[in-house]
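Heads up: the sequence shown begins at 1178 in the numbering used here, then just goes up one per residue.
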Amino acid sequence: MHVLKEIQQWVSIKNFTHEKVDDKSLERILEAGRRAPSAKNRQPWRFIVCRNENVREKIKEASYGQEHVGQAPVIIAACTTNIEYTMPNGQLSYPVDISIASTFMLLQSKAEGLGACMVTTFDEEEIKEILSIPYSMRIVMLLLLGHPAETPMLNTRKSLSRIVGYDHW
């Protein structure tokens, strides 16, 4: 397994073909999310898979018209079922937990030969209504999945020396 190599080649895909995502690939992607670690193993997630073209179009509109949202053949709304649990440091755990699960799914999508993109700019209340998500739940992000129509250039990253401190800031 060459995880670092895959991570180094990661780029968000915002231009998808119309080719459908294979059911088995999607199942493995969802399994990757299910297997993710979470605070106290609470597994506070629920993933709503959207494949219907009309539903995806509504989600695109609720995402302020971002074209790539409607273009993706699969949209996964990564939601939390527990907005109450707070870690000992006072931070809510669900944004961390859902982000970890989503990252596992993004990595598996790459292993499946698919492109993916995280979307965090959307009207949460409108998407809750579209997907019949209970008011008390939160949508942390949308994951877009599909076959890449093109592969954009890699983004530059800060050097390790700029972002890592050993034993002090």
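No residue lacks a Cβ here, since even glycine has one placed at the ideal position from N, Cα and C.
As the structure is a computational prediction, the values presented were derived from the model and not from experiment.
Which one of the options has the shortest CA to CA distance from residue i?
| i | options | result |
| --- | --- | --- |
| residue 1221 | 1206, 1317, 1193, 1231 | 1317 |
| residue 1206 | 1331, 1323, 1267 | 1323 |
| residue 1305 | 1284, 1287, 1240, 1218 | 1240 |
| residue 1249 | 1215, 1195, 1284 | 1195 |
| residue 1289 | 1202, 1179, 1193, 1181 | 1202 |
| residue 1245 | 1219, 1296, 1273, 1308 | 1296 |
| residue 1199 | 1291, 1190, 1330 | 1291 |
| residue 1300 | 1211, 1257, 1335, 1243 | 1243 |
| residue 1321 | 1189, 1181, 1180, 1185 | 1189 |
| residue 1234 | 1303, 1333, 1266 | 1303 |
| residue 1259 | 1266, 1267, 1272 | 1272 |
| residue 1232 | 1338, 1309, 1343 | 1309 |
| residue 1218 | 1346, 1345, 1278, 1266 | 1278 |
| residue 1197 | 1211, 1230, 1185, 1179 | 1230 |
| residue 1193 | 1261, 1247, 1334 | 1247 |
| residue 1261 | 1212, 1213, 1314 | 1314 |
| residue 1332 | 1186, 1179, 1342, 1307 | 1186 |
Please work out which residues of its chain come closer than 7 Å, Cβ to Cβ, to residue i, disregarding the five sequence neighbours upstream and downstream, and give them in chain order.
| i | result |
| --- | --- |
| residue 1264 | 1216, 1270 |
Could you name the residues of the same chain whose beta carbon sits closer than 6 Å to that of residue i, not counting the 5 residues immediately before and after it, in chain order?
| i | result |
| --- | --- |
| residue 1287 | 1183 |
| residue 1191 | 1245, 1294 |
| residue 1209 | 1281, 1282, 1285 |
Give me the DSSP bridge partner(s) of residue i.
| i | result |
| --- | --- |
| residue 1325 | 1193 |
| residue 1135 | Not covered by the structure: residue 1135. The range shown for the chain is 1178 to 1346. |
| residue 1269 | 1263 |
| residue 1257 | 1222, 1315 |
Keeping to the same chain, check which residues put their C-beta closer than 8 Å to that of residue i; ignore five residues upstream and five downstream.
| i | result |
| --- | --- |
| residue 1330 | 1188 |
| residue 1275 | 1221, 1222, 1255, 1256, 1257, 1317, 1318 |
| residue 1311 | 1305 |
| residue 1298 | 1240, 1241, 1243 |
Entirely enclosed alpha helix (DSSP H) segments - the segment 1189-1228, minimum 4 residues: Assignment of alpha helix (DSSP H) within the segment 1189-1228, counting only whole runs of 4 or more residues, yields 1200-1211 in chain order.
In chain order, each beta strand (DSSP E) run of at least 3 residues that lies wholly inside the segment 1274-1317: Annotation: the segment 1274-1317 contains the following complete segments of the beta strand (DSSP E) (minimum length 3 residues), in chain order: 1292-1296.
Segment contact flag, the segment 1325-1343 with the segment 1222-1238, C-beta cutoff 8 Å, min 3 pairs: Contact between the segment 1325-1343 and the segment 1222-1238 is absent, because fewer than three Cβ pairs lie under 8 Å.
Inter-stretch contact at 8 Å, needing at least 3 Cβ pairs: the segment 1225-1235 / the segment 1253-1267: Taking a cut-off of 8 Å on C-beta distances, the segment 1225-1235 touches the segment 1253-1267, as three or more cross pairs fall below it.
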